[in-house]
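Chemist:
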Amino acid sequence: PDFVNDVTEQEQRWGPGGRHVEAIDMAKLREEVFEADKHSKKQQYEAGPKPSFGYGGKFGVQSDRMDKS
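For the sequence shown, the numbering used here gives the first residue as 37, with consecutive numbering after it.
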């Protein structure tokens, strides 16, 4: 066979030592997610329809409204 097993017994048992990940700061992550969501919601609100613009009038057509019917 052309395969050479060059893994030591310690690496087989405990895995290679070069891939340790730092602990995640949950408070920082939570704050970043909160700010990103706030920014996203603000953009979504600004891009959406404006309820203050209105849809016509109760007593007739108001030409400055969106439906203009």
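A virtual CB, placed ideally from N, CA and C, is assigned to each residue, including glycine.
Whose CA, out of 84, 43 and 83, lies closest to the CA of residue 52?
Modeler: The shortest C-alpha separation from residue 52 is found at 43.
Chemist: Could you tell me the distance, in whole angstroms, from the CA atom of residue 71 to the CA atom of residue 64?
Modeler: Roughly 11 Å between the two C-alpha positions.
Chemist: In this structure, does DSSP put residue 43 in helix, strand or coil?
Modeler: Note: residue 43 maps to coil in three-state DSSP.
Chemist: Determine the direct distance from the alpha carbon of residue 46 to that of residue 84, and round the result to whole angstroms.
Modeler: Approximately 59 Å, taken between the alpha carbons.
Chemist: Could you pull out every residue in the same chain whose Cβ sits closer than 7 Å to the Cβ of residue 79, ignoring the five residues on either side in sequence?
Modeler: Excluding sequence neighbours, residue 79 sits near nothing in its chain.
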